[in-house]
Amino acid sequence: MAEVPGRGVAAPRPGRSCPADYGYGAAALRKVAPALQAETLYVAGGLYGNPQALEALLELAATEPGARLVFNGDFNWFDVDTEDFRAINTAVLGHFATRGNVETELAQPGQDAGCGCGYPDWVGDEDVARSNRIMERLRRTAAREPALQARLGALPMYAVALVGGERVAIVHGDADSLAGWGLSQESLAEEAGLDAARTGLAASTARVIASSHTCLPVMQSLRVAQGEVVLANNGAAGMPNFRGTRFGLATRISVHAPGAAQRALHGLCVAGLHVHAVPIAYDHATWESRFLAQWPPGSDAHLSYYARICDGPRYLQEQALRVATCGALA
Ligand SMILES: [Fe+2]
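Just add 9 to the spot in the sequence shown (first one is 1) and you have the numbering used here.
Laid out in structure tokens, this is it:
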């Protein structure tokens, strides 16, 4: 239980409250040595156990020889079938990866953490309860693969890559916490959220921060002490991100502009880096049948996600790109 100053001991709220060891603080991003270096980096969070999205993502990265692919957490979620779980994790762990709250809770279940999502108040209680039950079912799958479970637990919570000599912070949640929502499109729509993001980015000293976790994409430029910075939340690699679409998203960060093969959507340039959202055009029909085999109508994941898998969320692509304005200057 967490001690809340002036409020005594707070009751745990599975799926909403985060374990204390999820926090690392933005200064950790400044201190950590770069773990990898590349001219082109693809960062994909939220694969959510979608093998068709994984296949399409690997093909996308292969369009640029020498590009590095990084998975920044939650590559598991719907993959309760043991064969799918094994295939997804074996493939992902062949690349550089950081753990999300899903992998953390699979490897080292936190007492009363539930799914470890740290859901904010705008997510309804029924969705939170279903996520906690999805996690329980996925834990039973992971328990059948102890070697993979141990490898997931050994993954770092965050990392820094050097791209064109610039520091790119790779996190799952936000600059401070594994399951933080500070880089969500909802938080960044508020002035207080922008202020908090600027504080985190300044402390990290990163030029770009690549996040995920909050399920909707946003790309935001900000001005902080080190100059202009870009935060790029890819949303989900394994689910649609915009209304009426059926593709996932990754974040491409490169010293080179994207070409026709990458079919980049929106993007920003900062300090010689090209930062873009790139679509992961996976085989929807095959994925839909794979999903339904594991999560039939009436199941928790079907209730929470099937509509989005087929029709996308209500979010629109034109909402995702946000450029620093005078009001957003630090
Ligand atoms: Fe997450």
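Where is the CB? At the ideal position from N, CA and C, for every residue including glycine.
Worksheet item: Mind checking whether the beta-carbon of residue 4 lies closer than 8 Å to any heavy atom of ligand 1?
Response: The question about residue 4 has no answer, for the chain in this structure spans 10 to 339.
Discussion item. Counting beta carbon pairs with one atom in the stretch 301–316 and one in the stretch 160–180, are three or more of them shorter than 8 Å?
Written reply: no
Fill in: Residue of 290, 105 and 272 minimising C-alpha distance to residue 167
105
Worksheet item: Taking DSSP as the reference, what is the three-state secondary structure of residue 275?
Response: coil
Worksheet item: For the stretch 298–310 against the stretch 219–236, are there 3 or more C-beta pairs whose distance is under 8 Å?
Response: no
Worksheet item: Does DSSP put residue 14 in a helix, in a strand, or in coil?
Response: For residue 14, the predicted structure reports a pLDDT of 36, less than 50, and the residue's modelled location is therefore unreliable. The matter cannot be settled from this model.
Item to complete: Pick helix, strand or coil for residue 3, following the three-state DSSP scheme.
Response: The structure shown does not extend to residue 3, since the chain is modelled only from 10 to 339, so the question has no answer here.
Practice prompt. Tell whether a beta-carbon distance below 9 Å holds between residue 79 and residue 107.
Written response: yes
Worksheet item: Would you call the stretch 181–195 and the stretch 59–72 touching, i.e. three or more CB-CB distances under 8 Å?
Response: no
Item to complete: Could you pull out every residue in the same chain whose Cβ sits closer than 8 Å to the Cβ of residue 49, ignoring the five residues on either side in sequence?
Response: 73, 75, 76, 77, 172, 261, 262, 263, 264 and 265
Item to complete: Taking 8 Å as the threshold, find out whether the stretch 30–47 comes into contact with the stretch 140–151 through three or more Cβ pairs.
Response: no
Worksheet item: Is any heavy atom in ligand 1 found nearer than 8 Å to the beta carbon of residue 41?
Response: no
Discussion item. I'd like to know if residue 297 contacts chain B, where contact means its C-beta is closer than 9 Å to some C-beta of that chain.
Written reply: Among the chains in the structure shown there is no chain B, since it carries only a single protein chain.
Item to complete: Could you check which residue in 112, 134, 268 and 205 has the C-alpha nearest to that of residue 71?
Response: 268
Fill in: Per-residue DSSP class, three states only, for residue 141
helix
Fill in: Around ligand 1, Cβ to any heavy atom closer than 5 Å, ordered along the chain
83, 109, 110 and 222
Item to complete: Please state if the CB of residue 140 and the CB of residue 182 are separated by a distance shorter than 9 Å.
Response: no
Discussion item. Please report the distance separating the alpha-carbon of residue 206 from that of residue 35.
Written reply: 10 Å
Fill in: Rounded straight-line distance, which links the Cα of residue 84 to that of residue 249
15 Å
Discussion item. Report the start-end ranges of each beta strand (DSSP E) in the stretch 17–68 that is 3 residues or longer and not cut off at the edges.
Written reply: 17–19, 45–47 and 49–53
Worksheet entry | Minimum length 4: unbroken alpha helix (DSSP H) runs contained in the stretch 250–326 | 293–303 and 309–320
Item to complete: Locate the beta strand (DSSP E) running through residue 80, then write down its first and last residues.
Response: 77–81
Practice prompt. Report the option in 213, 291, 241 and 52 whose CA atom is closest to the CA atom of residue 278.
Written response: 241
Discussion item. Taking its Cβ as the centre, do 16 or more other Cβ atoms sit within 10 Å of residue 30, making it buried, or is it exposed?
Written reply: exposed
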